[in-house]
Amino acid sequence: MITNCIQNNYNKFQSVVFTVISMSKSADIGIRYSKDEDLEVYMPLEESRGMYLYIEILKTALQDEIVTDDEAGILKVLATALGIAEEDLSDAMDVAKGIDPSPITDTKDYDESRMGDVSTYQSALIAALDDEIITEDEWAMIETLRNMFNILPGQHALIEEAIVAMSETDENGMRRLERLERFNTVCPYN
Numbered sequence: 008m009i010t011n012c013i014q015n016n017y018n019k020f021q022s023v024v025f026t027v028i029s030m031s032k033s034a035d036i037g038i039r040y041s042k043d044e045d046l047e048v049y050m051p052l053e054e055s056r057g058m059y060l061y062i063e064i065l066k067t068a069l070q071d072e073i074v075t076d077d078e079a080g081i082l083k084v085l086a087t088a089l090g091i092a093e094e095d096l097s098d099a100m101d102v103a104k105g106i107d108p109s110p111i112t113d114t115k116d117y118d119e120s121r122m123g124d125v126s127t128y129q130s131a132l133i134a135a136l137d138d139e140i141i142t143e144d145e146w147a148m149i150e151t152l153r154n155m156f157n158i159l160p161g162q163h164a165l166i167e168e169a170i171v172a173m174s175e176t177d178e179n180g181m182r183r184l185e186r187l188e189r190f191n192t193v194c195p196y197n
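Count along the sequence shown starting at 1, add 7, and that's the number in the working numbering.
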């Protein structure tokens with residue numbers, strides 16, 4: 008009966024979120040359904056700065072509707088650095104694709120720079136520089152992250168110095184420096 012009702016109303020809704028109150032606590036759950044699939048119960052993502060940043064980077068990665076293996080590598084580094092649980096990654100992807108509603112209600116609390124932003128940016132930049140071929144989407148992801156973290160030119164210069172220092176002891180160092188030079192050409196500071 009409920010399944011028929013949901014299937015009949017499929018064109019009106021893609022997902023529904025309910026608040027369930029149990030003896031111990033209340034929690035939001037959602038039900039996804041489609042014409043071809045069974046009902047699926049899921050827990051919507053929790054709002055956080057890390058989730059907001061991750062979803063925004065995912066949107067950048069999805070601009071060409073494809074996430075390459077190299078982009079996935081950068082996204083994995085970012086997910087870890089931003090504290091995104093592995094079980095939330097596919098739900099975040101659904102939000103970025105517009106399938107599920109965003110858990111983010113107000114972004115103003117997430118705009119300020121925070122401790123750890125520079126090291127997260129550095130980790131993502133190094134992950135991108137270690138790729139064999141860096142795509143425009145990867146550059147866009149790094150530039151989006153740089154802008155969202157409000158990385159200043161002086162901070163970026165310090166990161167560059169660290170990458171140069173690492174290049175002397177790292178087997179990938181020289182290739183990384185060549186790609187860093189290309190990044191600074193493709194995505195210069197204004």
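Backbone N, C-alpha and C fix where the C-beta goes; we use that ideal spot for every residue, glycine too.
The structure displayed is predicted, hence computed values, not measured ones.
Keeping to the same chain, check which residues put their C-beta closer than 6 Å to that of residue i; ignore five residues upstream and five downstream.
i           : result
residue 111 : 54, 59
residue 74  : 68
If I measure Cβ to Cβ from residue i and keep anything under 8 Å in the same chain, skipping five residues before and after, which residues do I get?
i           : result
residue 78  : 68, 142, 144, 145, 148
residue 154 : none
residue 114 : 59
Mapping DSSP to helix, strand and coil, what is residue i?
i           : result
residue 4   : An answer regarding residue 4 cannot be provided, because it is not within the stretch 8 to 197 covered by the chain.
residue 175 : coil
residue 114 : coil
residue 159 : coil
residue 151 : helix
residue 142 : coil
residue 168 : helix
residue 107 : coil
residue 97  : helix
Could you pull out every residue in the same chain whose Cβ sits closer than 7 Å to the Cβ of residue i, ignoring the five residues on either side in sequence?
i           : result
residue 92  : none
residue 186 : 136, 141
residue 132 : 149, 166
residue 99  : 52, 58, 61, 62, 65, 91
residue 71  : 144
residue 95  : 52
residue 124 : 156
Where does the unbroken alpha helix (DSSP H) through residue i begin, and where does it stop?
i           : result
residue 124 : 124-136
residue 192 : 180-193
With a cut-off of 8 Å on the beta carbons, I'd call residue i and residue j a contact; round off their distance for me.
i           : j           : result
residue 102 : residue 52  : 7 Å
residue 157 : residue 120 : 5 Å
residue 89  : residue 57  : 4 Å
residue 62  : residue 109 : 7 Å
residue 134 : residue 80  : 6 Å
residue 184 : residue 174 : 5 Å
Compare the C-beta of residue i against all C-beta atoms of chain C and say whether one is closer than 9 Å.
i          : result
residue 61 : No chain C is present in this structure, which holds just one protein chain.
Complete alpha helix (DSSP H) runs within the region 50-89 (minimum length 4 residues, chain order): Runs of the alpha helix (DSSP H) lying entirely within the region 50-89 and spanning at least 4 residues, in chain order: 56-68, 76-88.
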